[in-house]
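Novice: Residue 50 in UniProt numbering sits at position 50 of the sequence shown, with consecutive numbering throughout. Just so it is clear, CB atoms sit at the ideal spot from N, CA and C, and this is done for glycine as well. As the structure is a prediction and not an experimental result, all values here were calculated from the model.
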Amino acid sequence: MEAPYNNISFSSFTELGENDSYLPSAPSFHLMIALMVVTAAILGLLLNSFTLLISVFYIQGDYRHFIANLAVVDIICATLFAFIGYINLTNGRYLSMQVMTYSALAFYGSFGVMICALVPISLSRIVAASKPQAYDKLFSGKRALLVCLLADAVPVGLLTAICIAHHDVAKCLFMVYAFVTTIAYILTFLLNFLVFRIVARHIHIVQCLLDRTRLLETKQVALSTLAQALVPLVCQVPAFLSLSSAILMMEPWTNGDVIVVTQLWLGISPLLDALITIFIIKEYRIQTTAHFTTIFSGDWTHCGRKKCHHHTSDNRFSVPNSCASV
């Protein structure tokens, strides 16, 4: 089957082509951006791997499954971003045009995958905050992993279909992809805003320390998710416009230099996601501080401790009558 994008030039997006000014032997603005993309992607890969390990081995609560899922998505995207940076550095001399074309499509389409990975976190927080009795039926244990897989499969499936479909069908599928991404944005912002409202309403009346801790933790996760949803607005919308101009056969929306910069904005997204998780969510901040202190001090006596013991139950919360009456 003929690739549907053989008639689309991605050279403005991957810096492929005959222009020798992009070769590493001739340092340029584009080469500098390519190096920064690779560096940011590698840092994002390392930091998200660290976040994933903390989620699996050191954090309690079902919310860790959702953050681990986001870390996995960011690890995959960071690997892809580093690969695109490598293509730019080598001018694509060692790869086929089809591989580079699909890599560029995945590169600029990754924004949808990353924002959809935020939806399970947002849904779980609003259910935990408003309907804790329904939480077990929807998000406890392996159900959380199933929800994450479903949220990841939708954008990945659409991108795969776009790659193999006829161009006219691919354009329609791209519209569906854009619609799904937009809905994911709206859901993420709306649900986390509602979580803030619910937490603000209950935090003043809950006097049990355990329930107050759960409320604050839920608020931290919601704040982290909201901040991670802001990253795509700045880093990925320009890339979305670039991809749209290629798939819909329109004139590029801006010049080549700005399009190259969008690669850096995309490449830094996984790194920003990991930093937001580590600095905003208290349990991750505690574990990160403990591990780095151990590494730099050389004291390994406390290394390998199991999951945080700040609370023993999951991230759901409710307002029991016994607590409200204290």
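Could I get the ranges of all uninterrupted beta strand (DSSP E) runs contained in the region 25-113, with 3 residues as the minimum, in chain order?
Specialist: Counting whole runs of 3 or more residues, the region 25-113 contains no beta strand (DSSP E) stretch at all.
Novice: Can you grab the Cα-Cα spacing for the pair A165 / M36, in whole Å?
Specialist: Position 165 of the sequence shown, counting from 1, holds the residue named residue 165. Position 36 of the sequence shown, counting from 1, holds the residue named residue 36. Approximately 34 angstroms between the Cα atoms of the pair.
Novice: So G112 packs on A34, CB below 8 angstroms; how close in whole Å?
Specialist: For the purposes of this step, residue 112 is taken as residue 112 along the sequence shown, with counting starting at 1. For the purposes of this step, residue 34 is taken as residue 34 along the sequence shown, with counting starting at 1. Not really, about 24 angstroms apart at Cβ, beyond 8 angstroms.
Novice: Quick one: using the 10 Å Cβ neighbour count with 16 as the cut-off for buried, is L150 buried or exposed?
Specialist: Within the sequence shown, residue 150 is the residue found at index 150, counting from 1. L150 is exposed by the Cβ-count criterion.
Novice: Let me know if R125 comes out buried or exposed under the rule of 16 or more other beta-carbons within 10 Å of its beta-carbon.
Specialist: Translated into positions along the sequence shown, residue 125 becomes position 125. Answer is buried; the Cβ neighbour count reaches 16.
Novice: Using the C-alpha atoms, what's the distance from T101 back to L52?
Specialist: The residue given as residue 52 occupies position 52 in the sequence shown. The residue given as residue 101 occupies position 101 in the sequence shown. Rounded to the nearest angstrom, the two C-alpha atoms are 30 angstroms apart.
Novice: Using a Cβ-Cβ cutoff of less than 7 angstroms, which residues in the same chain neighbour L223 once the five nearest sequence positions on both sides are dropped?
Specialist: Along the sequence shown, one-based indexing puts residue 223 at 223. Same-chain partners within the cutoff: I280.
Novice: So which of I115, N88, V119 and A117 has the shortest CA-CA distance to A104?
Specialist: Taking the sequence shown and counting its residues from 1, the one referred to as residue 104 is at position 104. The residue with the shortest Cα to Cα distance from A104 is N88.
Novice: Please classify D168: is it buried, with 16 or more other beta-carbons within 10 angstroms of its beta-carbon, or exposed?
Specialist: Along the sequence shown, read from residue 1 onward, the residue named residue 168 stands at position 168. With fewer than 16 other Cβ atoms within 10 Å, it is exposed.
Novice: Kindly indicate which three-state DSSP category I268 falls into: helix, strand or coil?
Specialist: For this step, residue 268 is matched to residue 268 along the sequence shown. Three-state DSSP puts I268 in coil, outside helix and strand.
Novice: Along the alpha helix (DSSP H) that carries A151, what are the first and last residues, could you check?
Specialist: The count along the sequence shown starts at 1 and reaches residue 151 at position 151. Unbroken alpha helix (DSSP H) run through A151: K142 to I164.
Novice: Tell me whether the region 65-74 and the region 287-297 touch, counting them as touching only if at least three CB pairs, one residue from each stretch, are closer than 8 angstroms.
Specialist: No: the two stretches stay apart, fewer than three of their Cβ pairs being nearer than 8 angstroms.
Novice: Smallest Cα separation from I76: which of I198, S110 and L191?
Specialist: Mapped onto the sequence shown, residue 76 falls at position 76. The shortest Cα separation from I76 among I198, S110 and L191 belongs to S110.
Novice: Since A128 is in the alpha helix (DSSP H), which residue starts that stretch and which ends it?
Specialist: Stepping through the sequence shown from its first residue, residue 128 is reached at position 128. A128 -> alpha helix (DSSP H) spans L118 to S130.
Novice: Taking all protein chains shown into account, decide if D136 is buried (16 or more other Cβ within 10 angstroms of its Cβ) or exposed.
Specialist: Counted from its first residue, the sequence shown places residue 136 at position 136. Label assigned to D136: exposed.
Novice: Closest to G44 by CA distance: which of A290, P270 and V261 is it?
Specialist: As a working note, residue 44 is residue 44 in the sequence shown. Selected option, being the one with the closest Cα: P270.
Novice: Is the Cβ-Cβ distance between T225 and T182 less than 8 angstroms?
Specialist: As a first step, residue 225 must be located in the sequence shown, where it is residue number 225. As a first step, residue 182 must be located in the sequence shown, where it is residue number 182. No, the Cβ-Cβ distance between T225 and T182 is not below 8 angstroms.
Novice: Let me know the secondary structure DSSP gives I276 once reduced to three states.
Specialist: For the purposes of this step, residue 276 is taken as residue 276 along the sequence shown, with counting starting at 1. In the structure shown, I276 sits in a helix (DSSP, three-state: H, G or I).
Novice: At what residues does the alpha helix (DSSP H) containing I295 begin and finish?
Specialist: Taking the sequence shown and counting its residues from 1, one reaches residue 295 at position 295. I295 -> alpha helix (DSSP H) spans K282 to S297.
Novice: By a C-beta neighbour count over all protein chains shown, 10 Å radius and 16 as the cutoff for buried, is W219 buried or exposed?
Specialist: Sequence index remark: in the sequence shown, residue 219 carries index 219 (1-based). Looking at the sequence shown, residue 219 is not Trp but Lys. It counts as buried.
Novice: Return the CA-CA distance between F179 and S28, expressed in angstroms with no decimal places.
Specialist: As a first step, residue 179 must be located in the sequence shown, where it is residue number 179. As a first step, residue 28 must be located in the sequence shown, where it is residue number 28. Cα to Cα, the separation comes out at about 37 angstroms.
Novice: Please go through the same chain and pick out, in chain order, the residues whose beta-carbon is closer than 7 angstroms to the beta-carbon of V261, but skip the five residues on each side of it.
Specialist: Position 261 of the sequence shown, counted from the first residue, corresponds to residue 261. For V261, where only same-chain residues beyond five positions count, the Cβ hits under 7 angstroms are I33.
Novice: For the region 114-123 against the region 142-159, do three or more pairs of beta-carbon atoms, one drawn from each stretch, fall closer than 8 angstroms, so that the two count as touching?
Specialist: Flag = yes, the region 114-123 and the region 142-159 touch.
Novice: What do you reckon, are the CB atoms on A41 and A71 nearer than 8 angstroms?
Specialist: Within the sequence shown, residue 41 is the residue found at index 41, counting from 1. Within the sequence shown, residue 71 is the residue found at index 71, counting from 1. Not closer than 8 angstroms, so no.
Novice: In angstroms, rounded to a whole number, what distance separates the CA positions of T288 and V231?
Specialist: If you number the sequence shown from 1, residue 288 lands on position 288. If you number the sequence shown from 1, residue 231 lands on position 231. So the alpha carbons of these two residues sit roughly 22 angstroms apart.
Novice: Could you tell me whether the Cβ atoms of residue 329 and D62 are closer together than 8 angstroms?
Specialist: It is not possible to answer for residue 329, since the shown part of the chain is limited to 1 through 326.
Novice: Which residues in the same chain have their Cβ closer than 7 angstroms to the Cβ of I276, if we skip the five residues on either side of it in sequence?
Specialist: Locating residue 276 in the sequence shown gives position 276, counting from the first residue. If we look at I276 and ignore the five residues flanking it on each side, its Cβ neighbours are S224, A227 and Q228.
Novice: Out of V127, L216, R201 and F107, state which residue places its alpha-carbon closest to the alpha-carbon of T266.
Specialist: Within the sequence shown, numbered from 1, the residue matching residue 266 stands at position 266. Note on identity: in this sequence residue 266 is Leu, with Thr being the wrong assignment. The shortest Cα separation from L266 among V127, L216, R201 and F107 belongs to F107.
Novice: If the criterion is Cβ atoms closer than 8 angstroms, does the pair S130 and I186 meet it?
Specialist: Counting from 1 along the sequence shown, the entry for residue 130 is found at position 130. Counting from 1 along the sequence shown, the entry for residue 186 is found at position 186. No.
Novice: Our contact map puts I121 next to V221 with C-beta atoms below 8 angstroms; I'd like the distance itself, whole angstroms only.
Specialist: Residue numbering aside, residue 121 sits at position 121 when the sequence shown is read from its first letter. Residue numbering aside, residue 221 sits at position 221 when the sequence shown is read from its first letter. Indeed they touch by this definition, with Cβ atoms about 7 angstroms apart.
Novice: Can you check whether the CB of L173 is closer than 8 angstroms to the CB of A161?
Specialist: To locate residue 161, count along the sequence shown from 1; it is residue 161. To locate residue 173, count along the sequence shown from 1; it is residue 173. Contact: yes.
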